[in-house]
Amino acid sequence: MHTAAGAQARLPIGSDMDLVWVRQHVRQAAAQIGFGLVDQTKLVTAASELARNTLVYGGGGIMEAEPLTEGGVPGLRLTFRDEGPGIADLEQALSDGFTSGGGLGMGLGGARRLVHDFAIESNPGSGTTVRVTSWVGRPPRPREET
Amino acid sequence: MSQAFPGPYGGPVTGHVPVLRLGEVLLVTLQGDLHDSTAQQLQQDLAETISRSGATGVIIDISGVEIVDSFLGRVLAEIAGQTELLAARTVVVGMRPAVAITLVELGLSLPGVHTALSTEVAMELLTQHAPSSRYGGLRQESP
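Residue numbers (the UniProt record's numbering), protein chains in the order written: chain A, 1 to 146; chain B, 1 to 143.
Spelled out as structure tokens, the structure:
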């Protein structure tokens, strides 16, 4: 599909200027793929949180955007990768209110609530990879007790 | 008191985000995608402008902002907090519905931040408890 092809990208995350590019790319890609305004906003916000984590805690890295189709439903997958110090306690990092830097502690846990699928892989010393995916028209993920 | 502000509406007093003055209220309009550093610069500029001018209210119009993430949310909450310490109040106006929905899901409630749907309503909110500005909410110039 030529409309989704432009959504494919690999962007560096090395400065707060790059956070702006990431947000703009995700906004454009999500609109192109067919996400509604609220879902676009959620996805861009999640991307902003994750890109900032990559920058602040991971010491910079990259974001890859990839359009997908599953059972005829289009989606957008975003992968954030850094080679920073990694996260020792993932459970703690995902809980609300936890922060090791200057945020409000909403970064990871908040981003997870804004997308349909969320996967994180991290090992101390070998960096962190966060992969999120959202699908056009799918209802939001169920509310969880955390 | 108003000498620090050139022109009838104050004119820009910061490098990135202009802070305009309407009587005792400062008006800031955020537009597009803000850099983290621009948001932080605004925070400093507002504190300095309030303390220099004695403004009693700040209106931050975010109708042109497409997303508010936890960083910008924190900056808005901090602006509200520091404004209060400087004896002024902050009202955030014009939040887009999609932004409000996303903020709630993200888990940010912006404690201490007053909100209004429009600049007009915010202006009323800010001037009704400030007797000195009741008769001069919009700055009066002698000809």
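Don't be surprised by glycine CBs; every beta carbon is placed ideally from N, CA and C.
Rounded C-alpha distance that separates M95 of chain B from V26 of chain A
Straight-line Cα distance between these residues: approximately 21 Å.
Note the first and the last residue of the continuous beta strand (DSSP E) segment covering S126 of chain A.
Per DSSP, S126 of chain A belongs to no beta strand (DSSP E) and is neither H nor E.
Give me the Cα-Cα distance between T56 of chain B and A87 of chain B, rounded to the nearest whole angstrom.
7 Å
Hey, is L106 of chain B's beta-carbon within less than 7 Å of any beta-carbon in chain A?
L106 of chain B counts as touching chain A.
Helix, strand or coil at T102 of chain B according to DSSP, with G and I counted as helix
DSSP places T102 of chain B in helix when its eight states are reduced to three.
Reference residue 181 of chain B, options A:M17, A:R52, A:G137, A:I120, closest by Cα
In the structure displayed, chain B extends from 1 to 143; residue 181 of chain B sits before or after that span and is not available.
Enclosing alpha helix (DSSP H) for F71 of chain B [first to last residue]:
Going by DSSP, F71 of chain B is part of the alpha helix (DSSP H) stretching over 70–85.
9 Å Cβ cut-off: residues of chain B touching R113 of chain A
E105, L106, G107
Ordered along the chain, which non-local residues of its own chain (more than five positions away) have a Cβ less than 6 Å from that of I50 of chain B?
L86, A88
Should E91 of chain A be labelled buried (16 or more other beta-carbon atoms within 10 Å of its own) or exposed?
exposed
Find out if the Cβ-Cβ distance for the pair T133 of chain A, I67 of chain B is shorter than 7 Å.
no
Under 7 Å, do L78 of chain A and P67 of chain A count as touching if we go by C-beta distance?
Not closer than 7 Å, so no.
Looking at C-alpha atoms only, which residue of A:D39, A:V38, A:W21, A:E121 is the closest neighbour of G32 of chain B?
That would be A:W21, whose Cα lies nearest to the Cα of G32 of chain B.
Compile a chain-ordered list of the residues in the region 11–22 of chain A whose CB is closer than 8 Å to at least one CB of chain B.
If the cut-off is 8 Å between Cβ atoms, the region 11–22 of chain A has D16, M17, L19, V20 near chain B.
Could you please give the first and the last residue of the uninterrupted alpha helix (DSSP H) stretch that includes Q8 of chain A?
Looking at the DSSP string, Q8 of chain A is not in any alpha helix (DSSP H), and its letter there is neither H nor E.
Whose C-beta lies closer than 7 Å to the C-beta of residue 146 of chain B among residues of the same chain, with five residues either side of it excluded?
Nothing about residue 146 of chain B can be reported from this structure: the residues present for chain B run from 1 to 143 only.
V115 of chain A vs A46 of chain A beta-carbon contact at 7 Å:
Their beta carbons are under 7 Å apart, which means V115 of chain A touches A46 of chain A by this criterion.
Who are the near neighbours of R81 of chain A in its chain, counting only those whose CB is closer than 6 Å to its CB and skipping five residues on each side?
G61, I62, T129
Is it right to say L19 of chain A is buried, meaning 16 or more other beta carbons lie within 10 angstroms of its own, or is it exposed?
buried
P143 of chain B CB to nearest chain A CB: under 7 Å?
Residue confidence for P143 of chain B is low, a pLDDT of 46 falling below 50, so the modelled location carries little weight; the figure read from the coordinates is stated next. Closer than 7 Å: no.
Closest by CA to P139 of chain A, which one among A:E64, A:V73, A:G6?
A:V73
Under 7 Å, do G84 of chain A and G125 of chain A count as touching if we go by C-beta distance?
Contact flag unset, no.
Since G37 of chain A meets chain B, which of its residues come closer than 9 Å, beta carbon to beta carbon?
Strictly speaking, residue 37 of chain A in this sequence is Leu, with Gly absent from that position. Proximity of chain B to L37 of chain A at the Cβ level (cut-off 9 Å) is accounted for by R96, P97, A98, in chain order.
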